[in-house]
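Contents: one structure, followed by commentary.
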Amino acid sequence: APILPHSPLLPPVSPSAPSVVADARRAAGFTRLLAVECGSQEQALEAAGAGADIVLMDNFTPQALAAAAAAVKGAHPWVRVEASGGVTEGTLPHFLAPDVDVVSMGSLTHSAPPIDFALRV
197 APILPHSPLL
207 PPVSPSAPSV
217 VADARRAAGF
227 TRLLAVECGS
237 QEQALEAAGA
247 GADIVLMDNF
257 TPQALAAAAA
267 AVKGAHPWVR
277 VEASGGVTEG
287 TLPHFLAPDV
297 DVVSMGSLTH
307 SAPPIDFALR
317 V
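Numbering of the sequence shown is given in my numbering, commencing with residue 197 and proceeding in unit increments.
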């Protein structure tokens, strides 16, 4: 599983602070992926430049996501770009872009309709 410097288990810090990314990279070693949640294109570029393997772009509009993902891939082609936040089955096509590698949808779990079933033993 990736290490997330921006996590409820860690004290709040700027998610793309280079020192936090560098510390997490040293702690993780070369065998673990380092993912950093970013709220802006600037944070994503900073996190990628500091050594993140994955930049998770949270709550971007589809247009801002496409531009930020292109900027990250242009400067750091090996970094994976993940889109998250506001993505539903209906909006998913809007978040697909050439430079977006992964799209996460929390709606798959927190908004799934319940099913009515019974188990007879």
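In this text, a Cβ means the ideal position worked out from N, Cα and C, and glycines have one as well.
Cβ-based burial, residue i [other Cβ within 10 Å; buried from 16]
{"i": "residue 229", "result": "exposed"}
{"i": "residue 315", "result": "exposed"}
{"i": "residue 219", "result": "exposed"}
{"i": "residue 296", "result": "buried"}
{"i": "residue 238", "result": "exposed"}
{"i": "residue 298", "result": "exposed"}
{"i": "residue 244", "result": "buried"}
Alpha-carbon to alpha-carbon, residue j and residue i
{"i": "residue 268", "j": "residue 312", "result": "45 Å"}
{"i": "residue 233", "j": "residue 251", "result": "6 Å"}
{"i": "residue 236", "j": "residue 309", "result": "32 Å"}
{"i": "residue 266", "j": "residue 300", "result": "18 Å"}
{"i": "residue 291", "j": "residue 285", "result": "11 Å"}
{"i": "residue 306", "j": "residue 216", "result": "30 Å"}
{"i": "residue 240", "j": "residue 317", "result": "53 Å"}
{"i": "residue 222", "j": "residue 281", "result": "29 Å"}
Integer Cβ distance of residue i from residue j, believed to fall under 8 Å
{"i": "residue 303", "j": "residue 283", "result": "7 Å"}
{"i": "residue 319", "j": "residue 264", "result": "This structure cannot settle anything about residue 319, because the visible part of the chain is limited to 197 through 317."}
{"i": "residue 256", "j": "residue 231", "result": "About 16 Å separates the two Cβ atoms, so there is no contact after all."}
Nearest candidate by alpha-carbon position, reference residue i, set the options
{"i": "residue 272", "options": "242, 305, 279", "result": "242"}
Check whether residue i and residue j have beta carbons under 8 Å apart
{"i": "residue 262", "j": "residue 293", "result": "yes"}
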